[in-house]
Amino acid sequence: AQTVTQSQPEMSVQEAETVTLSCTYDTSENNYYLFWYKQPPSRQMILVIRQEAYKQQNATENRFSVNFQKAAKSFSLKISDSQLGDTAMYFCAFMKWDDKIIFGKGTRLHILP
Amino acid sequence: DAGVTQSPTHLIKTRGQHVTLRCSPISGHKSVSWYQQVLGQGPQFIFQYYEKEERGRGNFPDRFSARQFPNYSSELNVNALLLGDSALYLCASSLETGKYEQYFGPGTRLTVT
């Protein structure tokens, strides 16, 4: 069975700083997808970034980038130039071909003014 | 274009009652998945439906059931409610199954007293 582990329950950083959220996962699959989702207090789950396991190049989306280490089964999220609106719960998630997304327990991120 | 919509937004039920939650996917999306998110945890997969057929089921008791209608909307039913069923229920839709991105709705907050 696949598992996703987020070891940082909560983090705080100053606005404009860079922050990295950690995630490790366990799977015997070779092809799969990894995601970072953001859930602000409004509860809406928003996809931040997505990585296909067969792609060696790390995904980037504007200020968000990942460090995908397939052999180590590590998938960290880096947020550059953090903004107050980045304050939210961040979930690391795994999915193989079957559409069943497996989420970690989340990291609560506070961006301080 | 409208995103995924869910109704109702909030719901309060008593132990032993039955509840029906509804989800309308993004127009053209054929796959709908349901997740349960207990406070302070990541979402857990309950069901996936595609083209009106159940394609996946998570580790939930038979009190939980779902169906998908010809217009691809979906209902999640929970019988004999327990206090532990109190959670945010999220619906997600995707264009097809497999590698396609899932878009989440705002959720239904169910409180069982």
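Chains as they are written, first to last, in this note's numbering: chain A, 212 to 324; chain B, 1121 to 1233.
Yeah, the Cβ is synthetic: ideal placement off N, Cα and C, and Gly gets one too.
V1158/B sits exposed, since fewer than 16 C-beta atoms from the chains shown fall within 10 Å of its C-beta. Chain order gives the chain B residues near M256/A as L1210 and F1224, where near means a beta carbon separation below 7 Å.
Fewer than three beta-carbon pairs drawn from the stretch 1134-1145 of chain B and the stretch 281-295 of chain A are found closer than 8 Å, and the two stretches are therefore not classed as touching. For G1162/B, the residues of chain A that pass the 7 Å Cβ criterion are F302, F314, G315, K316 and G317, in the order they occur in the chain. In the DSSP assignment, R319/A falls within the unbroken beta strand (DSSP E) covering T318 to L323.
Pairing Y243/A with F305/A gives a Cβ-Cβ distance under 8 Å. Taking C-alpha positions only, G1227/B is separated from D1182/B by approximately 22 Å.
With three or more CB-CB distances shorter than 8 Å, the stretch 1210-1222 of chain B counts as touching the stretch 1148-1167 of chain B.
Here the C-alpha atom of E1221/B lies approximately 35 Å from the C-alpha atom of T1233/B.
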